[in-house]
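Peer 1: Got a structure for you, questions after.
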Amino acid sequence: MISGQFMEILTHLAEIIAARRGAPATTSYTASLLQSGRSRIARKFGEEAIELVVASLSEDKQEITAEAADVLYHLLVLLEDAGVTLDELTELLQQRQAMGGLEEKASRS
189 MISGQFMEIL THLAEIIAAR RGAPATTSYT ASLLQSGRSR IARKFGEEAI
239 ELVVASLSED KQEITAEAAD VLYHLLVLLE DAGVTLDELT ELLQQRQAMG
289 GLEEKASRS
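Heads up, the sequence shown is in the working numbering, so the first residue is 189 and it goes up one at a time.
Here you go:
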């Protein structure tokens, strides 16, 4: 089970990302990502996801943890750019939990 502290950290990180939207790209990596557009943000997220897959094959727990953290950060940047809040994501996940996995997948068709 994910602790409340983890959700607090994700929420705080999402708030920092939102606040950096207007910062100069020269002083903030987050601002530079947000100002570069969805295509670059999506590519960066994809790169990090691939790095996580590769790390998971190495079975190095520290590397997997580091890459997972990168994936979460880049996911939050992507969500910020798309205007999707953690509350909206949480609501959807709660709705999906109300039914079994196969039933939920079938409902998307």
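Beta carbons are placed, not taken as given, at the ideal position from N, Cα and C, and that holds for glycine.
As the structure is a computational prediction, the values presented were derived from the model and not from experiment.
1. Can you confirm whether the region 199-218 touches the region 254-268 when touching is taken to mean that 3 or more C-beta pairs between the two stretches lie within less than 8 Å?
2. Check whether the Cβ atoms of T218 and I238 lie closer than 8 Å to each other.
3. Spell out a yes or no on whether the region 224-243 and the region 257-264 are touching, meaning 3 or more CB-CB pairs, one atom from each, closer than 8 Å.
4. Using 10 angstroms around the beta-carbon of I229, count the other beta-carbons present and answer buried if the total reaches 16, otherwise exposed.
5. Suppose you measure from the CA of L281 to the CA of T215; what does that come to, to the nearest Å?
6. Go ahead and label E276 buried or exposed: buried means 16 or more other beta carbons lie within 10 angstroms of its beta carbon, across all protein chains shown.
7. Rounding to the nearest angstrom, what Cα-Cα distance links Q223 and S191 in this structure?
8. For A243, I'd like the list of residues in its chain whose CB is within less than 7 Å of its CB, leaving aside the five on either flank, ordered along the chain.
9. Please say whether A213 and L264 have beta carbons closer to each other than 8 Å?
10. DSSP on S191, reduced to helix/strand/coil?
Peer 2: In short:
1. Contact holds between the region 254-268 and the region 199-218, because three or more Cβ pairs, one in each stretch, are under 8 Å apart.
2. Translated into the one-based positions of the sequence shown, residue 218 becomes position 30. Translated into the one-based positions of the sequence shown, residue 238 becomes position 50. No, they are not a contact pair.
3. Judged by pairs of C-beta atoms under 8 Å, the region 224-243 touches the region 257-264, as three or more such pairs exist.
4. Start at 1 with the first residue of the sequence shown, and residue 229 comes out as number 41. Buried, by the Cβ-count rule.
5. Here residue 281 is taken as the residue at index 93 of the sequence shown, counted from 1. Here residue 215 is taken as the residue at index 27 of the sequence shown, counted from 1. The alpha-carbon atoms of L281 and T215 are separated by roughly 35 Å.
6. Taking the first residue of the sequence shown as position 1, residue 276 is located at position 88. Exposed, since its Cβ has fewer than 16 Cβ neighbours within 10 Å.
7. Translated into positions along the sequence shown, residue 223 becomes position 35. Translated into positions along the sequence shown, residue 191 becomes position 3. Their Cα atoms are separated by approximately 32 Å.
8. Numbered from its first residue, the sequence shown carries residue 243 at position 55. Cβ neighbours of A243 beyond the five flanking positions: E251, I252, E255.
9. The residue you call residue 264 lines up with position 76 of the sequence shown. The residue you call residue 213 lines up with position 25 of the sequence shown. Result no, Cβ atoms of L264 and A213 do not sit closer than 8 Å.
10. Taking the first residue of the sequence shown as 1, we reach residue 191 at position 3. Here S191 sits in coil by DSSP.
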